[in-house]
Each structure stands twice: as C-alpha cells, then as structure tokens.
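Enquirer:
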Amino acid sequence: MRDNLCDVPGVLVGHATDCEGLTGCTVVLFEDSDGAVVGVDVRGSSPGTRETDRLGPIGAVRGTHGLLLTGGSAFGLAAADGVVRFLEERGVGLDIGVAHIPLVSAAVLFDIVVGDPSARPDAAMGYEAAAAAVAGDFEQGNVGAGTGASVGKILGLDRAMKGGVGSASAEPEEGLVVAAIAAVNAFGDVRDPETGETLAGVRRDDGTLGDTTALLPLAASQLRWGENTTLGIVATNARLTKPQAVKVAQMA
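Going by the working numbering, the sequence shown opens with residue 517, and the numbers climb by one from there.
1. Relative to the alpha-carbon of Val700, which residue among Gly657, Tyr643, Glu689 and Gly642 has its alpha-carbon at the smallest distance?
2. Do Gly592 and Thr745 have their C-beta atoms within less than 8 Å of each other?
3. Check each candidate in Ala595, Pro733 and Val750 and name the one with the smallest Cα separation from Val620.
4. Report the residue ranges of all beta strand (DSSP E) runs contained in full by the stretch 662 to 716; include only those spanning at least 3 residues, in chain order.
5. For the beta strand (DSSP E) containing Phe546, name the first residue and the last one.
6. Determine the closest residue to Val624 out of Thr542, Val553 and Gly717, with distance taken between C-alpha atoms.
7. Tell me which same chain residues have a C-beta within less than 7 Å of the C-beta of Glu604, skipping the five on either side of it?
8. Taking Val544 as the reference, which of Val750, Glu690 and Gly631 has the closest Cα?
9. Using DSSP bridges, identify the partner residues of Ile749.
10. Suppose you measure from the CA of Asp534 to the CA of Thr663; what does that come to, to the nearest Å?
11. For Ser549, I'd like the list of residues in its chain whose CB is within less than 7 Å of its CB, leaving aside the five on either flank, ordered along the chain.
12. Take the Cβ of Ala730 as the centre, count every other Cβ of all protein chains shown within 10 Å, and call the residue buried at 16 or more, exposed below.
13. For a test of the three-state rule: what should DSSP assign to Ser589, helix, strand or coil?
14. Would DSSP call Thr533 helix, strand or coil?
15. For Arg755, does the count of other Cβ atoms within 10 angstroms reach 16, so buried, or fall short, so exposed?
16. Please go through the same chain and pick out, in chain order, the residues whose beta-carbon is closer than 6 Å to the beta-carbon of Leu538, but skip the five residues on each side of it.
17. Which residue marks the beginning of the alpha helix (DSSP H) containing Val624, and which one marks its end?
18. Within a Cβ cutoff of 6 Å, which residues of the same chain sit near Ala651, ignoring the five residues on either side of it in sequence?
19. What is the rounded straight-line gap between the Cα of Gly682 and the Cα of Asp611?
20. Phe654 lies in the alpha helix (DSSP H); which residues open and close that run?
21. Tell me where the alpha helix (DSSP H) around Thr757 begins and ends.
22. From Leu583 to Leu671, what distance separates their C-alpha atoms?
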C-alpha cells in the first residue's frame, strides 16, 4: 500500500503546477475506458463546478472518464477542456458511433488572491496534468490544485499558512481498499486526527501556530462566512451503484 489514492486499482493521478503564478490543477483518470461510477455532493455558498449534475443518483450515464480539481476559481474550469482533449485523442469517452465523448467532472477552489491573479489553470494545464497521471506514487503538498491553497484564514491571508494536496488510503478488511485525495483550502486549521495537534493554520504575531477555534469569539463580527473550499475525491474498489456513490460522497 502506498497510502494514496492509487492504492485503488485502476486509478491514476496527475498534477500540473504553476509555481510562479501559485495555482494548478489535479486530474484523476481511470484505466477502464468505460470510466468509473461516480457520485457527488456539492455544498457551499458559491461552488464552482462542471458536469456535476449528471453525477446525481438519477443521472442516465453511468460512467465518468475523468475528474478535475483545480485552482483559478471559475477561470480554472477551462482546464477540463484539456483533459477532455487528452482522453478524446486516446479514444476514451462515451461511444455515440461518430465520436467518443469524454465525460469529465470538475470543481474549483479560490486561490486568485494568493499568487498572480492573471495566472489560471487553462486547457493546456489540464492536458499536462492528464498526461502526467500515473497509477503509483505522486507528489503531495503545494502541487496541482493545492498550489495556491491556504488554511487558517481567520486573521487574514497574512497570518494564514499554505494548504495543499494530500492523500491517504486504508484497507478496512482484506481485499477492500478505500482511499481519498483532498485539496485543502479551508478556513480553519489542519489537525492531526489522532493527537489533535495543529499541523497548519492561523499564526500568531510571533509566527507560532494559533488556534482558530479560540479566536472565533474575537473575530466573529468581522468574518465573511462561506468563502472557503475543500475539494475531495473518495475512491474504492467496492462495487457501488450511482446512488450508493452519492451516499459515500455525502458521508465524506
């Protein structure tokens, strides 16, 4: 086990990163040319998505051929065009006789104020991430969709820390694998789930880690709620129907 999303057989992950503009995108592809059964749960005050409606439990098309997590806010959705082109060139997609239509769903996070506001993931970057996708070890941290992500923003970006992309997997019983990947652009802090230790988050004046929960009463009147996004993908080798996949997304 690699302890990442690719521990689920047939799953590939690739990144494209703009280190100067501080943005990027992450692509998940599937070795099965028919795609994967995918469900979705979209929440938040202003989500930016592409082709997520058809992932609902009553969607007619069963397979999805690619998933994209991207920075750049709404501009970043253009990166999905590059993923579609990459798959079309390889004959992957819904076969309608005269063409194969790759079905690629995407979601964005807001990172424009972190780096160069004119730098956004585009079709070329989406293609690059798809071409880089591997079924094995891949980079984590300040790469791909997590390049411009930040956490601990209760006192503003000047006192926040970098977020990023992280992945993990588990084998709850023999032969069953469940894994996840997340682009963490959260409002609050990142904590170790076992110890509760803060790993990244709001910083005090002296640069040491603070506690967002403790600061909430002091800053509540100045906060603008619903402006932070964490994007996640959960994968498993369990055989799921689309409604079951939607329920897994809701639970996650």
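Note that CB positions come from ideal geometry on N, CA and C, so glycine has one too.
Only a predicted model underlies this, so the values are computations on that prediction, with no experimental measurement involved.
Expert: According to the structure data:
1. Gly657
2. no
3. Ala595
4. 680 to 689, 692 to 701 and 714 to 716
5. Thr539 to Phe546
6. Thr542
7. His616 and Pro618
8. The candidate whose alpha carbon is nearest that of Val544 is Val750.
9. Ile697
10. 8 Å
11. Val608
12. exposed
13. helix
14. strand
15. exposed
16. Val630, Gly631, Thr663 and Gly664
17. Where Val624 is concerned, there is no enclosing alpha helix (DSSP H), although the beta strand (DSSP E) it sits in stretches over Val620 to Val624.
18. Cys522 and Leu528
19. 34 Å
20. Run containing Phe654: none; DSSP gives neither H nor E here.
21. Looking at the DSSP string, Thr757 is not in any alpha helix (DSSP H), and its letter there is neither H nor E.
22. The alpha-carbon atoms of Leu583 and Leu671 are separated by roughly 33 Å.
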